[in-house]
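In this text, residue positions in the sequence shown follow the working numbering: the first is 1, and each later residue adds one. Even glycine gets a Cβ: it sits at the ideal position worked out from N, Cα and C. Below: the structure, in structure tokens.
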Amino acid sequence: MEKPKIRFRDLSGWLKAIVMLGWISILGFLLKEEILDSNDVKLIFWGTVIYFVIKDFDKIKEWWRKQKVWEKAIIMLFCVVVLVWILIILFGD
Numbered sequence: 001m002e003k004p005k006i007r008f009r010d011l012s013g014w015l016k017a018i019v020m021l022g023w024i025s026i027l028g029f030l031l032k033e034e035i036l037d038s039n040d041v042k043l044i045f046w047g048t049v050i051y052f053v054i055k056d057f058d059k060i061k062e063w064w065r066k067q068k069v070w071e072k073a074i075i076m077l078f079c080v081v082v083l084v085w086i087l088i089i090l091f092g093d
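Spelled out as structure tokens, the structure:
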């Protein structure tokens, strides 16, 4: 019986998730040990998120085209809520 081959391409989503969790853990440690303050951690974290979004923009664009209208509306509403939440955290007192 032939063994199924696991391609790196199939694992890329999981690897990205693991790398992001590791990165969050490192940033949490640096914040806990007071090596970085919270604004530095926020800047580094969101910079990393933006990097991954820009890097995979073509895949995201293709995925977006396949979504139904109501799914797009829910996703956009979620994005607006997250954006407002981020702005409140960054600029709110």
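Here I60 really is in contact with V53; their C-beta atoms are around 7 Å apart, less than 8 Å. V49 sits away from L27, with the two beta carbons spaced by 8 Å or more. S25 places its beta carbon 8 Å or farther from that of L31.
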